[in-house]
Amino acid sequence: MSVRPKKRLGQHFLTDPNTIRKIVDAVDAPPGAQVVEIGPGEGALTGDLLRRYPDLIALEVDEEAITHLRTAYPRLDVRAGDVLDTNWGALRAGTAEGGAGTGQNVDRDRQAAEASGADESKAALHVVGNLPYYITSPILFALLDAREHVARAVVMVQKEVADRIVAPHGSKTYGTLSVYFALYADARPLFDVSRHCFRPRPNVESAVVALDFASAEAPDVPFAALQRTVRAAFGQRRKMLRNSLGPLADGAGVEVPEWAATLRPEAVSPSDFVRLARHLGGPAARPPGP
Numbered sequence: 001m002s003v004r005p006k007k008r009l010g011q012h013f014l015t016d017p018n019t020i021r022k023i024v025d026a027v028d029a030p031p032g033a034q035v036v037e038i039g040p041g042e043g044a045l046t047g048d049l050l051r052r053y054p055d056l057i058a059l060e061v062d063e064e065a066i067t068h069l070r071t072a073y074p075r076l077d078v079r080a081g082d083v084l085d086t087n088w089g090a091l092r093a094g095t096a097e098g099g100a101g102t103g104q105n106v107d108r109d110r111q112a113a114e115a116s117g118a119d120e121s122k123a124a125l126h127v128v129g130n131l132p133y134y135i136t137s138p139i140l141f142a143l144l145d146a147r148e149h150v151a152r153a154v155v156m157v158q159k160e161v162a163d164r165i166v167a168p169h170g171s172k173t174y175g176t177l178s179v180y181f182a183l184y185a186d187a188r189p190l191f192d193v194s195r196h197c198f199r200p201r202p203n204v205e206s207a208v209v210a211l212d213f214a215s216a217e218a219p220d221v222p223f224a225a226l227q228r229t230v231r232a233a234f235g236q237r238r239k240m241l242r243n244s245l246g247p248l249a250d251g252a253g254v255e256v257p258e259w260a261a262t263l264r265p266e267a268v269s270p271s272d273f274v275r276l277a278r279h280l281g282g283p284a285a286r287p288p289g290p
């Protein structure tokens with residue numbers, strides 16, 4: 001039985017055995033770790049993953065794919081629902097709520113997990129998936145927000161997005177994704193994937209990246225302050241920071257620092273964005289977003 005790829009869900013099913021093997025190998029979860037697959041669709045990765053990780057959890061929104069997966073892999077734990085609604089804290093803790101509910105809010109996730117008797121002492125999750133192009137950025141930010149529950153994510157994304165994730169400052173592709181993942185994860189490109197490896201064939205090339213959250217030490221600045229600073233800077237990419245950050249500086253009762261005033265955002269390193277966020281201040285808040 002095959003699953004019909006649905007354009008509205010951005011489905012492009014992986015068909016190349018070598019790419020499948022390389023992605024499964026890259027998960028590299030330790031014995032006993034909980035592995036979660038995002039959007040398995042037809043199950044290209046699922047069989048190999050399930051053989052290595054018998055407690056695999058699959059998050060899927062397509063009803064046809066859910067039926068197929070439950071038939072093809074009877075012992076697979078399939079959670080029906082939108083990945084953006086995932087309660088990662090409860091999923092890590094092994095409660096029934098995991099896989100749907102309070103995504104995008106770590107405090108609320110934690111409260112839900114505690115209310116259900118969840119054990120958050122369990123090892124953080126390992127996540128893998130071929131992400132739909134149309135919601136790649138929201139999923140990446142959801143994983144970033146859930147980083148206290150996710151040790152490692154191995155995801156296939158559009159090549160352009162992969163380049164942005166790992167772009168150094170000073171490059172044309174450097175942007176908000178680059179800053180956030182430089183500060184909150186160890187992000188590494190693994191390999192490119194040709195458009196010929198999918199059914200149906202997409203119009204773009206893809207790439208696989210590894211996001212190691214467990215090995216990254218988050219900066220000691222409120223995320224909301226960093227988020228406001230980065231958004232304001234890249235929201236007016238062609239302007240000098242004294243102009244793009246001027247309203248934030250005025251609101252904080254300070255001036256844009258002299259060292260940064262004439263720079264444009266692509267010239268500012270992630271660590272210098274932290275300096276700017278500290279200077280401009282603001283109350284702590286979450287979650288991250290584009």
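Residues in the sequence shown are numbered from 1 upward in steps of one, following the UniProt record's numbering.
Don't be surprised by glycine CBs; every beta carbon is placed ideally from N, CA and C.
Small disclaimer: the values here were computed from a predicted structure and weren't measured.
The residue from Asn18, Pro54 and Pro5 with its alpha-carbon nearest to that of Ala29 is Pro54.
Taking the C-beta atoms as reference points, Val221 is found nearer than 8 Å to Arg278.
Counting C-beta atoms within 10 angstroms of its own C-beta, Trp88 has 16 or more neighbours from the protein chains shown and is therefore classed as buried. Beta-bridge partners assigned by DSSP to Glu37: Ala58 and Val128. For the stretch 188 to 236, the continuous alpha helix (DSSP H) assignments of 4+ residues that do not extend past its boundaries occur at 223 to 235, in sequence order.
For Asp77, the enclosing beta strand (DSSP E) has its first and last residue at Asp77 to Ala80.
The three-state secondary structure of Asp48, taken from DSSP, is helix.
With a 10 Å radius around the Cβ and a threshold of 16 neighbouring Cβ atoms, Asn130 comes out buried. When the five nearest sequence neighbours on each side are left out, the beta carbons in the same chain lying within less than 8 Å of the beta carbon of Thr15 are those of Ala44, Cys197, Phe198 and Arg199, in order along the chain. Between Glu60 and Pro40, the CB-CB gap stays under 8 Å. Note on Ser271: under 16 other CB atoms within 10 angstroms of its CB, so exposed under the neighbour-count rule. Counting C-beta atoms within 10 angstroms of its own C-beta, Pro168 has fewer than 16 neighbours from the protein chains shown and is therefore classed as exposed. Contact between the stretch 19 to 33 and the stretch 202 to 215 is present: three or more C-beta pairs spanning the two stretches fall below 8 Å. In the DSSP assignment, Arg152 falls within the unbroken beta strand (DSSP E) covering Val150 to Gln158.
About 5 Å separates the beta carbon of Thr173 from that of Asp163, a gap short enough to meet the 8 Å contact definition. For Leu91, the three-state secondary structure derived from DSSP is helix.
With a threshold of 16 other beta carbon atoms within 10 Å, Pro247 falls short and is exposed. Burial is judged here by how many other beta carbons sit within 10 angstroms of a residue's own beta carbon; Pro17 has fewer than 16 and is exposed.
Assigned with DSSP and collapsed to three states, Leu177 falls in helix. Rounded to the nearest whole angstrom, the CA to CA distance from Leu263 to Leu56 is 47 Å.
Counting only residues of its own chain and dropping the five nearest sequence neighbours on each side, Val166 has a CB closer than 8 Å to the CB of Ser178, Phe181, Ala187, Arg188, Pro189 and Val209.
Within the same chain, and ignoring the five residues on either side of Val274 in sequence, the residues whose Cβ sits closer than 6 Å to its Cβ are Pro219 and Val221.
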